[in-house]
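Visitor: Protein chains in written order, with the numbering used here: chain A, -1 to 204; chain B, -1 to 204. Positions of the beta carbon are idealized from the N, C-alpha and C atoms, including for glycine. Source: prediction; values computed, not measured. Below you will find the structure I want to go over with you.
2 protein chains.
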Amino acid sequence: MPRQVREQQIIDVAVRVFAKRGYHAAAVDEIAELAGISKPMVYLYLDSKEGLFLACLRREAERLVSAFQEAARGAGAAPELRLYAGLSAFFAFVAAHRDSWVVLHRQASELSEAIADAVAEARRAVMGEVAGLIRDGISDSGRGSRLGDQDADFVAHALVGAADSLTDWMERNPDQSPEGITLRLMNMVWVGMRDVLDGEAWLPQA
Amino acid sequence: MPRQVREQQIIDVAVRVFAKRGYHAAAVDEIAELAGISKPMVYLYLDSKEGLFLACLRREAERLVSAFQEAARGAGAAPELRLYAGLSAFFAFVAAHRDSWVVLHRQASELSEAIADAVAEARRAVMGEVAGLIRDGISDSGRGSRLGDQDADFVAHALVGAADSLTDWMERNPDQSPEGITLRLMNMVWVGMRDVLDGEAWLPQA
DNA sequence: CCGTAACCTTACCAATCAGTAAGTTTACTA
DNA sequence: TAGTAAACTTACTGATTGGTAAGGTTACGG
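If you want it as structure tokens, here you go:
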């Protein structure tokens, strides 16, 4: 069995096991056994447990970010449509690859610097993409004079965080399609942003 | 030194250490030493490492949820003002107790069922509170005929997730006050929701 | 058929901690 | 002042598990 194939097999299994057990509770022995090989092979190909996890993280992060970017790029020129397409792809990805999402989302907290960096980097990539679309959307609408990069960044953080959290809602509402979820989210955020740009303000007064 | 006092001291230290190192990397020995006692004392009072973590979790979750609820309750009757007050209190809490937030937010992923449940419970409490305010806001406005509990829940998830994520933005923009952040968020979400209720829809068409 | 390199295994080591047994001191009460 | 319970310590064990040393087997080019 050639190395490249084995590596992918190992990573396939590892994503499942890490998602199920969590990083620490996952034993390399178990991953090796489920992959149909012995432990030293894992170390030969992936160096260490951390290296293995990092490989999982990188592969799945790359897939997720690519899914978002390709959907957004294939959706024409209008920022709002690209954002819609990207978010749709995101929810579809999470629905289809739950283990990948669990590994990316929940299991990467308390680990080494290298791992934290990898996760942060992936999130930064998405965040940058989204913030760019927000910026474009603002300037396209010709209403953006009052809003700067900091504001676009704020909206991007809110939006990405909302999407994160809505994956839980999606799990609890299996009848709802990824597109439906995206539509609701866009309605909430985009309409609000547009109207705020038009000067419709909310202030804490009765 | 009486037990109750010692317990709180231990938990104080443990929150710091868990926040800094993460659950697994945190050694009970270190927590004991920083608390100025020996390890068996920790086990005598808190039963196990997991019990210790659970105690941290419960205390900090209770504090956070209380901060939200008390702020919301002290803000009169209007749902939007209560929501505003609650969110403000949340951001202020995170700004003031960063370690607590790190423990609640990042360190509770891959642990035992009991711990996962405790975290889920705290989040559920906040989510329920927020969803209730959303529902009230919708029905108060008299526009809510088309929207049900599922929609309020959706908005609550989006809002709570956005708030989660904006704690990162807050860290990167230390010049922004919790109130300012809350104001931006309310403008984004509340205006959007209000206008969507008024029939202003966004649809994926150029 | 020989060498060598890729693929793969068994069997072990070593270190880290969670958790505990046994005993000591302090402080309060009868 | 004897008794006892709470507060506290030192010094250990036991188990898990990341990681490795040493060696075996297959495949293939010369």
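1. Quick check: the Cα distance between G159(A) and G126(A), rounded to an integer number of angstroms?
2. Where A120(B) and L164(B) are concerned, what is the direct C-alpha to C-alpha distance, given to the nearest angstrom?
3. Counting contacts by CB-CB distance shorter than 8 Å, is S163(A) in contact with chain B?
4. Going by Cα to Cα distance, which pick from F91(A), L183(A), L195(A) is closest to L157(B)?
5. Run down chain B in chain order and give the residues with a C-beta less than 9 Å from the C-beta of L183(A).
6. Hey, quick one: how far does the alpha helix (DSSP H) through L42(A) stretch, first residue to last?
7. Between the C-alpha atoms of A161(A) and E177(A), what's the straight-line distance to the nearest angstrom?
8. Determine the closest residue to L42(B) out of A73(B), I8(B), G20(B), with distance taken between C-alpha atoms.
9. Classify I109(A) as helix, strand or coil using the three-state DSSP reduction.
10. Taking a cut of 8 Å between CB atoms, which residues from the stretch 44 to 64 of chain B lie near chain A?
11. Write down the C-beta distance between F91(B) and L62(B) rounded to the nearest angstrom, noting that I regard them as a contact closer than 8 Å.
12. With DSSP as the reference, label R121(B) as helix, strand or coil.
13. Verify the CB distance criterion: does V194(A) have a CB-CB separation below 8 Å to chain B?
14. S46(A): buried (16+ other C-beta within 10 angstroms of its C-beta) or exposed?
15. Quick one: which chain B residues come within Cβ less than 8 Å of Q148(A)?
16. In terms of residues, what are the limits of the alpha helix (DSSP H) holding L32(A)?
17. Going by CA-CA distance only, name the one from W99(A), L79(A), N171(A), R4(A) that's closest to K18(A).
18. Leaving out the 5 sequence neighbours to the left and right, which residues in its chain are closer than 8 Å to L50(A) when beta-carbon positions are compared?
19. Return the residue from the list V117(A), L195(A), T180(A), D147(A) that minimises the CA-CA distance to E60(A).
20. Would you mind telling me which residues of chain A sit closer than 8 Å to A160(B), beta carbon to beta carbon, in chain order?
21. Are the C-beta atoms of A90(A) and some chain B residue less than 8 Å apart?
22. So, with DSSP's three-state summary, where would you put A83(A)?
23. Measure the C-alpha to C-alpha separation of A24(A) and E111(B) and round it to an integer number of angstroms.
24. Within 8 Å (strictly less), CB to CB, does W200(B) reach chain A?
25. Just tell me which of D97(B), A199(B), T180(B), G34(B) has its CA closest to the CA of A83(B).
26. Would you kindly work out how many angstroms separate the C-alpha atoms of R14(A) and C54(A), rounded to a whole number?
27. Would a C-beta distance cut-off of 8 Å place I136(B) and L85(B) closer than the cut-off?
28. Between the alpha carbons of M(-1)(B) and A69(B), how many angstroms are there, rounded?
29. Rounded to the nearest angstrom, what separates E5(B) and A123(B) at their Cα positions?
30. Which first and last residues belong to the alpha helix (DSSP H) in which N205(A) is found?
31. For E68(A), name the three-state secondary structure that DSSP assigns.
32. Among D166(B), N171(B), R170(B), H155(B), which one has its Cα closest to the Cα of W167(A)?
33. Roughly how many whole angstroms lie between the Cα atoms of N213(B) and S36(B)?
34. What is the DSSP secondary structure of D173(B), reduced to helix, strand or coil?
35. Looking at chain B, which residues of the stretch 22 to 40 of chain A have a Cβ within less than 8 Å of any of its Cβ atoms?
36. Our contact map puts L81(A) next to L131(A) with C-beta atoms below 8 Å; I'd like the distance itself, whole angstroms only.
Guide: Answer, in terms of the structure:
1. Per the coordinates, the alpha-carbon of G159(A) lies some 13 Å from the alpha-carbon of G126(A).
2. For A120(B) and L164(B), the distance between alpha carbons rounds to 19 Å.
3. Judged by the 8 Å Cβ criterion, S163(A) is in contact with chain B.
4. L183(A) is the residue among F91(A), L183(A), L195(A) whose C-alpha sits nearest the C-alpha of L157(B).
5. Near L183(A) (Cβ distances below 9 Å), the residues of chain B are F152, A156.
6. For L42(A), the uninterrupted alpha helix (DSSP H) segment begins and ends at 37 to 44.
7. Each residue's Cα considered, the two are about 13 Å apart.
8. Checked all of A73(B), I8(B), G20(B); the closest Cα to L42(B) is I8(B).
9. Sequence inspection shows Leu at residue 109(A); the Ile mentioned does not correspond to that position. L109(A) carries a coil assignment under DSSP once its states are collapsed to helix, strand and coil.
10. Residues: none.
11. Correct: roughly 6 Å between the Cβ atoms.
12. The three-state secondary structure of R121(B), taken from DSSP, is helix.
13. Yes, V194(A) counts as interfacial toward chain B.
14. By the 10 Å Cβ count, S46(A) comes out exposed.
15. N171, listed in chain order.
16. That run of the alpha helix (DSSP H) goes 26 to 32.
17. Among W99(A), L79(A), N171(A), R4(A), the Cα nearest to that of K18(A) is on W99(A).
18. Short of 8 Å from the beta carbon of L50(A), and not among the five residues preceding or following it, lie these beta carbons of its own chain, in chain order: I8, I9, A12, V26, I29, V40, L44.
19. For the residues V117(A), L195(A), T180(A), D147(A), the minimum Cα distance to E60(A) belongs to V117(A).
20. The answer, in chain order, is H155, A156, L157, G159, A160, S163.
21. It does not; no Cβ of chain B falls within 8 Å.
22. Residue state, collapsed to three classes: helix.
23. Linking A24(A) to E111(B) through their CA atoms gives a straight-line distance of about 15 Å.
24. The beta-carbon of W200(B) is placed less than 8 Å from the nearest beta-carbon of chain A.
25. Looking at the Cα atoms, T180(B) is the closest of the given residues.
26. If I take the Cα positions, the gap works out to 10 Å.
27. Contact flag unset, no.
28. Taking the straight line joining both Cα atoms gives about 35 Å.
29. Cα to Cα, E5(B) sits roughly 26 Å from A123(B).
30. Any answer about residue 205(A) is impossible in this case: the structure gives chain A only from -1 up to 204.
31. It is helical.
32. Ranking D166(B), N171(B), R170(B), H155(B) by Cα distance to W167(A) puts H155(B) first.
33. This structure does not reach residue 213(B), given that chain B is present from -1 up to 204, and the question cannot be answered.
34. D173(B) carries a coil assignment under DSSP once its states are collapsed to helix, strand and coil.
35. Listed in sequence order: H22, A23.
36. Between the beta-carbon of L81(A) and that of L131(A) there is about 5 Å, and that keeps the pair under the 8 Å contact cut.
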